[in-house]
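K.L.:
Please see the structure below; I have some questions.
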Ligand code: G3P
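Numbering (my numbering), first residue to last: 119 to 336.
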């Protein structure tokens with residue numbers, strides 16, 4: 119499974135990058151807006167930090183403008199994957215961009231029917247938002263399992279990227295479902311490190327070491 123960091127914050131990116139386990143980055147207009155820097159300028163800084171797929175989302179909503187914006191974004195850096203919302207105009211734009219050789223991440227996917235449309239465009243990635251489905255009381259992970267099964271039935275090459283992940287439990291469920299990628303906030307990644315038994319076990323090891331050898335060296 120590939121881990122992408124779901125953030126546009128350069129400090130979070132630097133810290134997560136130091137762990138050596140990050141395979142790419144996803145951004146969206148809300149994450150970019152939080153940084154207060156124009157998309158093209160900021161996404162190039164991210165490309166300098168992380169070797170891997172960097173998703174940058176268009177803000178146009180007509181196919182014609184999404185195609186123009188997508189082509190422009192893809193030319194900024196070879197690692198850029200163009201994020202397109204899963205609307206009718208987005209499907210139209212994604213089909214054209216794919217034929218132009220642009221790697222597309224179709225985002226804001228909330229149903230298996232939508233995911234089928236995404237695969238038909240030849241998209242590089244589809245991003246179903248698990249957490250936001252759970253947030254309204256529906257089973258978000260069922261969608262992930264449905265998409266993985268449907269894509270496997272037809273051998274679609276589109277990668278399933280589990281997005282809107284709310285905690286480590288969902289990462290495990292997504293892994294068991296066989297997704298290609300999970301995009302994770304810095305907070306969720308940090309939570310994945312934590313376990314009380316690891317902490318207490320290490321404290322015991324170090325305490326025993328100190329008792330046994332510090333006395334010898336004293
Ligand atoms: O960036 C795409 C997705 O992961 C955002 O999800 O629900 O945390 O805003 P959310």
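All residues carry an ideal CB built from backbone N, CA and C; glycine is no exception.
Quantities reported herein were computed from a predicted structural model and do not represent experimental measurements.
1) Can you check DSSP and say which residues form a bridge with residue 245?
2) Counting along the chain, where does the alpha helix (DSSP H) carrying residue 314 start and finish?
3) Do residue 248 and residue 288 have their C-beta atoms closer together than 8 Å?
4) Write down the C-beta distance between residue 173 and residue 155 rounded to the nearest angstrom, noting that I regard them as a contact closer than 8 Å.
5) Which residue's Cα is closest to the Cα of residue 263: 230, 326 and 212?
6) Terminal residues of the continuous beta strand (DSSP E) containing residue 175?
7) Going by other Cβ atoms of all chains shown within 10 Å of its Cβ, with 16 needed for buried, is residue 290 buried or exposed?
8) With a floor of 3 residues, list each beta strand (DSSP E) that falls wholly inside the region 212 to 285, ordered by position along the chain.
9) Does the beta-carbon of residue 247, which I'm using as the reference point, lie nearer than 7 Å to any heavy atom of the ligand G3P?
10) The ligand G3P heavy atoms versus the CB of residue 146: any closer than 7 Å?
11) Measuring straight from C-alpha to C-alpha, what distance separates residue 303 and residue 321?
P.N.:
By the coordinates alone:
1) Answer is none; residue 245 lacks a bridge partner.
2) Counting along the chain, the alpha helix (DSSP H) containing residue 314 begins and ends at 314 to 327.
3) Yes.
4) Taking the Cβ atoms as the reference, residue 173 lies roughly 17 Å from residue 155, outside the contact range of under 8 Å.
5) The residue from 230, 326 and 212 with its alpha-carbon nearest to that of residue 263 is 230.
6) 171 to 175 is the extent of the beta strand (DSSP E) around residue 175.
7) Taking every protein chain shown into account, the CB of residue 290 has fewer than 16 other CB atoms within 10 angstroms, so this residue is exposed.
8) For the region 212 to 285, whole beta strand (DSSP E) runs of length 3 or above, ordered along the chain, are 222 to 227, 243 to 246 and 277 to 280.
9) Yes, since a heavy atom of the ligand G3P falls inside the 7 Å radius drawn around the Cβ of residue 247.
10) At least one heavy atom of the ligand G3P lies closer than 7 Å to the C-beta of residue 146.
11) Their Cα atoms are separated by approximately 28 Å.
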